[in-house]
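Chemist: Position 123 (the sequence shown) corresponds to 122 in numbering that gives the first Met the number 0; numbering is contiguous.
Backbone N, C-alpha and C define an ideal beta-carbon position, used for all residues, glycine too.
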Amino acid sequence: MFGLFSRNKPVDDMRRAEAAYEKVASLKGDSHDARSLRLRMGLICRAHLDKTFVDGAEQTAAWEERARLALLEGLPLPEAPKPSKFQKIRSGDNEIYAYLPEEFVVQAFALGSRYQKTELSAPKAIEAMQALAQQISYYELRLPEPFQVLDFLREELAAEAALQEAAESEQDNSQPPVGVLPT
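#1: Can you check DSSP and say which residues form a bridge with E94?
#2: With the cut-off set at 8 Å, would you say P145 and Q133 are in Cβ contact?
#3: Nearest CA to the CA of P77: which residue from S136, Q163, L110 and L68?
#4: For the stretch 44-64 against the stretch 104-115, do three or more pairs of beta-carbon atoms, one drawn from each stretch, fall closer than 8 Å, so that the two count as touching?
#5: Can S25 be considered in contact with the ligand MG, in the sense that its beta carbon sits closer than 7 Å to one or more heavy atoms?
#6: Have a look at E159, A109, A158 and L156 and flag the residue whose alpha-carbon is nearest the alpha-carbon of A60.
#7: Can you round the beta-carbon distance between A97 and A46 to whole angstroms, since I take them to be within the 8 Å contact cut?
#8: Please report the residue range of the alpha helix (DSSP H) in which K123 lies.
#9: Which term fits L149, buried or exposed, when burial requires 16 or more other beta carbons within 10 angstroms of its beta carbon?
#10: Hey, Q147 and Q129 are a contact pair by Cβ (cut 8 Å); roughly how many whole angstroms apart?
#11: Alpha carbon to alpha carbon, how far is V104 from Q170?
#12: Measure from the alpha carbon of Y20 to the alpha carbon of each residue in L36, R89 and L131, then state which is nearest.
In structure tokens:
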């Protein structure tokens with residue numbers, strides 16, 4: 000009776016996430032059900048890539064601080080952070096584990112790390128992450144259209160561009176027309 004209320008172990012959820020990814024990636028047909036499964040997995044992969052990029056940035060920032068302190072104290076450098084093939088993401092009202100093969104998470108994590116260290120600009124990070132998303136979309140999941148990653152960074156850039164444009168417009172309006180002397 001108490002088995003009804005027991006929670007799944009994370010390791011079991013991770014195994015199911017990996018099996019689900021592998022199943023969808025190996026689908027041969029193009030039925031409605033297969034397309035639906037591919038699309039759903041695409042959304043899960045998008046969330047995983049976004050979180051892995053952010054983890055790469057956040058863990059790099061934390062590691063750099065620990066490394067700085069270790070150097071100041073004459074201690075050995077801490078172990079560099081590593082990405083996880085699994086991410087816990089929200090799916091509706093629940094949290095689920097998402098899986099991506101190591102080759103993809105290593106790339107996404109490294110891009111987040113490089114972005115954090117300002118070795119990579121926001122537009123270049125978006126471009127590189129989108130190329131990774133396209134690789135997964137087209138070659139792993141065989142989606143007709145790739146999913147879009149890093150929407151939060153795209154929105155941030157758009158907001159900055161809009162502010163810049165508004166500031167320039169305001170500056171242009173405060174200048175007297177060319178050839179007219181202010182009175």
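Modeler: Reading from the atomic positions:
#1: One-based indexing of the sequence shown puts residue 94 at position 95. Paired residue(s): R89.
#2: Along the sequence shown, one-based indexing puts residue 145 at 146. Along the sequence shown, one-based indexing puts residue 133 at 134. Yes, they are a contact pair.
#3: As a working mapping, residue 77 is identified with position 78 in the sequence shown. Taking only the C-alpha atoms, the option nearest P77 is L68.
#4: Counting Cβ pairs under 8 Å, three or more are found: they touch.
#5: Of the ligands one can find in the structure shown there are none, so the ligand MG has no counterpart to examine.
#6: Mapped onto the sequence shown, residue 60 falls at position 61. Ranking the options by Cα distance to A60, first place goes to A109.
#7: For the purposes of this step, residue 97 is identified with residue 98 of the sequence shown, where counting begins at 1. For the purposes of this step, residue 46 is identified with residue 47 of the sequence shown, where counting begins at 1. Yes, A97 and A46 are in contact; Cβ-Cβ is about 6 Å, under 8 Å.
#8: In the sequence shown, the residue the question calls residue 123 occupies position 124. Unbroken alpha helix (DSSP H) run through K123: A121 to Q134.
#9: Residue numbering aside, residue 149 sits at position 150 when the sequence shown is read from its first letter. That one is buried.
#10: Translated into the one-based positions of the sequence shown, residue 147 becomes position 148. Translated into the one-based positions of the sequence shown, residue 129 becomes position 130. Confirmed, Cβ separation roughly 7 Å.
#11: Position 105 of the sequence shown, counted from the first residue, corresponds to residue 104. Position 171 of the sequence shown, counted from the first residue, corresponds to residue 170. Distance between the alpha carbons of V104 and Q170 is about 45 Å.
#12: The residue given as residue 20 occupies position 21 in the sequence shown. With distances taken between CA atoms, Y20 lies nearest to L36 out of L36, R89 and L131.
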